[in-house]
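Engineer: Under the numbering used here, the first residue of the sequence shown is numbered 37, with each subsequent residue one higher. C-beta atoms are modelled at their ideal positions from N, C-alpha and C, and glycine is treated no differently.
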Amino acid sequence: SALAQIERQFGKGSVMKMGDRGPQVMEVISTGSVALDIALGIGGLPRGRIVEIYGPESSGKTTVALHAIANAQKAGGIAAFIDAEHALDPEYARKLGVDIDALLVSQPDTGEQALEIMDMLVRSGAIDVIVVDSVAALTPRAEIEGEMGDSHMGLQARLMSQALRKITGALHQSNTTAIFINQLRDKIGVFFGTPETTTGGKALKFYASIRLDIRRIETLKDGNDAVGNRTRVKVVKNKMAPPFKQAEFDIIYGVGISREGSLIDLGVEVGIVKKAGAWYTYESDQLGQGKENARAFLIDNPDLANDIETKIREHYVPVVVDAELVAAIDEATAEVEF
Numbered sequence: 037s038a039l040a041q042i043e044r045q046f047g048k049g050s051v052m053k054m055g056d057r058g059p060q061v062m063e064v065i066s067t068g069s070v071a072l073d074i075a076l077g078i079g080g081l082p083r084g085r086i087v088e089i090y091g092p093e094s095s096g097k098t099t100v101a102l103h104a105i106a107n108a109q110k111a112g113g114i115a116a117f118i119d120a121e122h123a124l125d126p127e128y129a130r131k132l133g134v135d136i137d138a139l140l141v142s143q144p145d146t147g148e149q150a151l152e153i154m155d156m157l158v159r160s161g162a163i164d165v166i167v168v169d170s171v172a173a174l175t176p177r178a179e180i181e182g183e184m185g186d187s188h189m190g191l192q193a194r195l196m197s198q199a200l201r202k203i204t205g206a207l208h209q210s211n212t213t214a215i216f217i218n219q220l221r222d223k224i225g226v227f228f229g230t231p232e233t234t235t236g237g238k239a240l241k242f243y244a245s246i247r248l249d250i251r252r253i254e255t256l257k258d259g260n261d262a263v264g265n266r267t268r269v270k271v272v273k274n275k276m277a278p279p280f281k282q283a284e285f286d287i288i289y290g291v292g293i294s295r296e297g298s299l300i301d302l303g304v305e306v307g308i309v310k311k312a313g314a315w316y317t318y319e320s321d322q323l324g325q326g327k328e329n330a331r332a333f334l335i336d337n338p339d340l341a342n343d344i345e346t347k348i349r350e351h352y353v354p355v356v357v358d359a360e361l362v363a364a365i366d367e368a369t370a371e372v373e374f
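(1) Based on the DSSP output, what are the partners of S50 in its beta bridges?
(2) With burial defined as no fewer than 16 other Cβ atoms inside 10 Å of the residue's Cβ, what is the status of L39: buried or exposed?
(3) Could you check what DSSP says for G292 in three-state terms: helix, strand or coil?
(4) Kindly confirm or deny that the region 167-180 and the region 141-148 touch, where touching means at least three C-beta pairs closer than 8 Å.
(5) Relative to the alpha-carbon of V263, which residue among D286, F117, K241 has its alpha-carbon at the smallest distance?
(6) Using the Cβ count rule (16 or more neighbours within 10 Å means buried), how would you classify E319?
(7) Can you tell me where the alpha helix (DSSP H) with D339 in it begins and where it stops?
(8) Answer yes if the region 253-272 comes into contact with the region 205-218, meaning at least three C-beta pairs across the two stretches below 8 Å, and no otherwise.
(9) Tell me the DSSP secondary structure of E371 in three-state form.
(10) Jot down the residue ranges of each uninterrupted beta strand (DSSP E) in the region 173-218, minimum 3 residues, whole runs only, in chain order.
(11) Enumerated in chain order, which unbroken segments of the alpha helix (DSSP H) with a length of 4 residues or greater are wholly contained in the region 71-145?
(12) Do you know how far the Cα of R221 is from the Cα of I153?
(13) Which residues mark the beginning and the end of the alpha helix (DSSP H) in which V158 is found?
(14) Determine the DSSP secondary structure at E305, reduced to helix, strand or coil.
(15) Return the first residue and the last residue of the alpha helix (DSSP H) that K311 is part of.
(16) Is there contact between the region 128-137 and the region 95-106, where contact requires at least three CB pairs shorter than 8 Å?
(17) Buried or exposed: S94, going by 16 or more other Cβ atoms within 10 Å of its Cβ?
(18) Are V168 and A129 touching if we call contact CB-CB under 8 Å?
(19) Spatial neighbours of G19 within its chain, please: CB distance less than 6 Å, with the 5 preceding and 5 following residues excluded, ordered by chain position.
(20) From the DSSP output, in three-state form, read off G264 for me.
(21) On the DSSP letters alone, give me the boundaries of the beta strand (DSSP E) that K241 sits inside.
(22) Just list the residues that DSSP pairs Q322 with in beta bridges.
(23) Taking DSSP as the reference, what is the three-state secondary structure of E63?
(24) Alpha carbon to alpha carbon, how far is V291 from Q30? Give it in angstroms, no decimals.
(25) If I follow the unbroken beta strand (DSSP E) through D257, where does it start and stop?
(26) Answer with buried or exposed for M189, where buried requires no fewer than 16 other C-beta atoms within 10 angstroms of its C-beta.
(27) What's the gap between the Cα of E43 and the Cα of Y243?
(28) Which of the three DSSP states, helix, strand or coil, is assigned to V269?
(29) Below 8 Å CB to CB, which residues in the same chain sit around L139 once its five sequence neighbours on both sides are set aside?
(30) How about I348 and L299: do their beta carbons lie closer than 8 Å?
(31) Among the candidates P338, E183, L76, D56, whose CA atom is the shortest distance from the CA of M62?
Now the structure itself:
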């Protein structure tokens, strides 16, 4: 048969029925924000896929990526950071929970070098998550070796397109999550719709399974002092779950994403945490008067925070694999004659 001939030529498993693999539980890496994990629909960033995080300057793009690295490391994984901007702050990464002694870092000279290093790391099969910061800083070799003012139209877009074609299959095989951080640019002469676009051409938009648009919406203050930002993330593309969900969370300067703040917000939303006036309570425990006191109480009582998080995730994140859907696919493929 055709199937037997394909397997002889290309190896066993080169073609299979979709139901043969059985139910597949999607492995994920937490973003550090419970609200964002829930908005993604599967509980975090998917393994073996490409993720793009973009937004204005100082909106929290690198912070989210570093939290993902920290969570991958806590689960026993190995992470790599391609620092094309040459701007990674090790001390800030440590404060966010990153084990900087175990983090692999590369500061490449050219875009080709950066993507070649990335390709080799992914194909090694040893990396769980790799971050490129940022696509805009991946400068083609011809541009670096050329003169100031020379035109290099489309070079970066071609570089990204070629690299993503090569790397997508390897990411799936090695189960590595690739996070590309990207910057915004304004399109000239746009009168209708958004004038904003991301750098590096269109390839990344197509290859990314998830695209996150991250914006700073408010400055958090303690008296007159700015202590952090309120951040909104929109899931503008999602191949794993319904897109266009939004998440809001606090990023505290020098600390990162406030996990406890998200737990309070979401807990109140679903009725797990009760709010009466300014007081927050969970079951028989009084968390505190005002959100800051409740946040501090949860920081001091991590077991309680973990309990609240478990209940919130159980409420929001459905079973990743639908057994009825798998059965339907199995039935449909069984009817096909080869």
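Structural biologist: To lay it out plainly:
(1) Locating residue 50 in the sequence shown gives position 14, where the first residue counts as 1. Bridge partners of S50: none, in fact.
(2) For the purposes of this step, residue 39 is taken as residue 3 along the sequence shown, with counting starting at 1. Label assigned to L39: exposed.
(3) Here residue 292 refers to the residue found at position 256 when the sequence shown is read from its first residue. Three-state result, G292: strand.
(4) Yes, the region 167-180 is in contact with the region 141-148.
(5) Translated into the one-based positions of the sequence shown, residue 263 becomes position 227. Selected option, being the one with the closest Cα: D286.
(6) Counting from 1 along the sequence shown, the entry for residue 319 is found at position 283. Exposed, since its Cβ has fewer than 16 Cβ neighbours within 10 Å.
(7) Counted from its first residue, the sequence shown places residue 339 at position 303. DSSP places D339 in the uninterrupted alpha helix (DSSP H) bounded by 338-352.
(8) In short, these stretches do not touch, since the Cβ pair count stays below three.
(9) Start at 1 with the first residue of the sequence shown, and residue 371 comes out as number 335. The predicted model places E371 with a pLDDT of 47, which falls under 50 and marks its position as unreliable; any figure quoted below should be read in that light. Coil at E371, not helix or strand.
(10) The region 173-218 contains these whole beta strand (DSSP E) runs: 213-218.
(11) If we require 4 residues or more, the alpha helix (DSSP H) runs fully inside the region 71-145 come out as 97-110, 126-131.
(12) On the sequence shown, residue 153 is found 117 positions in, with the first residue counted as 1. On the sequence shown, residue 221 is found 185 positions in, with the first residue counted as 1. The alpha-carbon atoms of I153 and R221 are separated by roughly 27 Å.
(13) Position 122 of the sequence shown, counted from the start, is the residue given in the question as residue 158. Its alpha helix (DSSP H) spans residues 147-160.
(14) Numbered from 1 along the sequence shown, position 269 holds the residue referred to as residue 305. Reduced to three states, the DSSP call for E305 is helix.
(15) Walking along the sequence shown from the start, residue 311 turns up at place 275. Taken as a continuous stretch (DSSP letters only), K311 belongs to no alpha helix (DSSP H), being part of the beta strand (DSSP E) at 310-312.
(16) Judged by Cβ distances under 8 Å, the region 128-137 makes contact with the region 95-106, as three or more pairs qualify.
(17) Numbered from its first residue, the sequence shown carries residue 94 at position 58. By the neighbour-count rule (16 or more Cβ atoms within 10 Å), S94 is not buried but exposed.
(18) Taking the sequence shown and counting its residues from 1, the one referred to as residue 168 is at position 132. Taking the sequence shown and counting its residues from 1, the one referred to as residue 129 is at position 93. No, they are not a contact pair.
(19) As shown, the chain starts at 37 and ends at 374. That puts residue 19 outside it, with no answer to give.
(20) The residue you call residue 264 lines up with position 228 of the sequence shown. Strand.
(21) Numbered from 1 along the sequence shown, position 205 holds the residue referred to as residue 241. Unbroken run through K241 is the alpha helix (DSSP H), 239-243; no beta strand (DSSP E).
(22) Indexing the sequence shown from 1 puts residue 322 at position 286. According to the DSSP secondary-structure assignment, Q322 is paired through a beta bridge with T317.
(23) The count along the sequence shown starts at 1 and reaches residue 63 at position 27. Coil, per DSSP.
(24) Nothing about residue 30 can be read from this structure; the chain reaches only from 37 to 374.
(25) By one-based count along the sequence shown, residue 257 stands at place 221. The sequence given here has Lys at residue 257, not Asp. Start and end: 246-258.
(26) Working through the sequence shown from its first residue, we reach residue 189 at position 153. The residue in question, M189, is exposed, as its Cβ has fewer than 16 Cβ neighbours within 10 Å.
(27) Within the sequence shown, the letter at position 7 stands for residue 43. Within the sequence shown, the letter at position 207 stands for residue 243. Their backbone Cα atoms lie some 28 Å apart in a straight line.
(28) Residue mapping note: residue 269 aligns to position 233 of the sequence shown, counting from 1. Of the three classes helix, strand and coil, the one that applies to V269 here is strand, per DSSP.
(29) Within the sequence shown, residue 139 is the residue found at index 103, counting from 1. For L139, where only same-chain residues beyond five positions count, the Cβ hits under 8 Å are I105, Q109, A115, A116, F117, A129.
(30) Along the sequence shown, one-based indexing puts residue 348 at 312. Along the sequence shown, one-based indexing puts residue 299 at 263. Yes, the pair counts as a contact, with Cβ atoms nearer than the cut-off.
(31) Sequence index remark: in the sequence shown, residue 62 carries index 26 (1-based). The option with the nearest alpha carbon to M62 is L76.
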